[in-house]
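Here is the structure we will look at.
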Amino acid sequence: MPNLNVYLVEGYSEAQKETLLVRMTDAVVDSIAAPKASVRIFLIELPRAHICAGGVVLAAEARAGGPLSPGGPTIHAFLISGRTDAQKEALIGALTGVVDEVLAIPPAPVRVMIFDVANTDFGMQGVTAKSLGR
Numbered sequence: 592m593p594n595l596n597v598y599l600v601e602g603y604s605e606a607q608k609e610t611l612l613v614r615m616t617d618a619v620v621d622s623i624a625a626p627k628a629s630v631r632i633f634l635i636e637l638p639r640a641h642i643c644a645g646g647v648v649l650a651a652e653a654r655a656g657g658p659l660s661p662g663g664p665t666i667h668a669f670l671i672s673g674r675t676d677a678q679k680e681a682l683i684g685a686l687t688g689v690v691d692e693v694l695a696i697p698p699a700p701v702r703v704m705i706f707d708v709a710n711t712d713f714g715m716q717g718v719t720a721k722s723l724g725r
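Throughout the sequence shown, residue numbering follows the working numbering, covering 592 to 725 in sequence.
Have a look at this one:
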């Protein structure tokens, strides 16, 4: 653990996405002292027709010909419970900063949600994280 699901509008280059994933991994390691090998990040690309922000479907926004909003991204970070408020704050800031630096999306539309998962409710290697001493 930690596992991150990153929801992103399609259209970014493979190089940008790869850089985003690597830099997010580093942000997790640096912010909450997670072992790098335990970090899992899943990038979920969505077409503009599948994202609605503020009541506006991004595909309709694109058809209107005006400036395109990034529609997010939204990041769900699933962590084994026990991280401090300061670590969570650092993680939110670091992930938001990576999105800005790599994708040129400013902090305002970025959403980061942290989900604390009890060590009895997360399994690895066929057993709970608690039974592995986590």
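Built from N, CA and C at the ideal position, the CB exists for glycine as well.
Values in this document were obtained by computation on a predicted structure and should not be read as measured data.
Backbone CA spacing between residue i and residue j [nearest angstrom]
| i | j | result |
| --- | --- | --- |
| E652 | L659 | 7 angstroms |
| I642 | L649 | 6 angstroms |
| R725 | T675 | 15 angstroms |
| E636 | E605 | 12 angstroms |
| T719 | Q678 | 23 angstroms |
| G602 | V690 | 14 angstroms |
| G645 | V620 | 33 angstroms |
| K608 | A628 | 19 angstroms |
| L599 | V613 | 16 angstroms |
| A640 | S722 | 43 angstroms |
| A668 | G657 | 32 angstroms |
| A625 | L595 | 13 angstroms |
| A709 | V703 | 19 angstroms |
Cβ neighbour criterion (16 or more within 10 Å) applied to residue i
| i | result |
| --- | --- |
| A662 | Checking the sequence, you will find Gly at residue 662 rather than Ala. It counts as buried. |
| I666 | buried |
| S622 | buried |
| A685 | buried |
| T711 | exposed |
| A699 | exposed |
| L611 | buried |
For residue i: DSSP bridge partner residues
| i | result |
| --- | --- |
| V703 | I666 |
| E636 | L599 |
| R631 | N594 |
| A615 | Here residue 615 turns out to be Met, not Ala, going by the sequence shown. According to DSSP, M615 bridges with nothing at all. |
| G714 | T719 |
| V648 | C643 |
| I671 | V708 |
Closer than 7 angstroms to chain B by CB, residue i
| i | result |
| --- | --- |
| Q716 | Protein chains in the displayed structure number just one, and chain B is not present. |
Whole-angstrom C-beta distance between residue j and residue i, which should lie under 8 angstroms
| i | j | result |
| --- | --- | --- |
| M592 | I671 | 5 angstroms |
| L682 | I705 | 7 angstroms |
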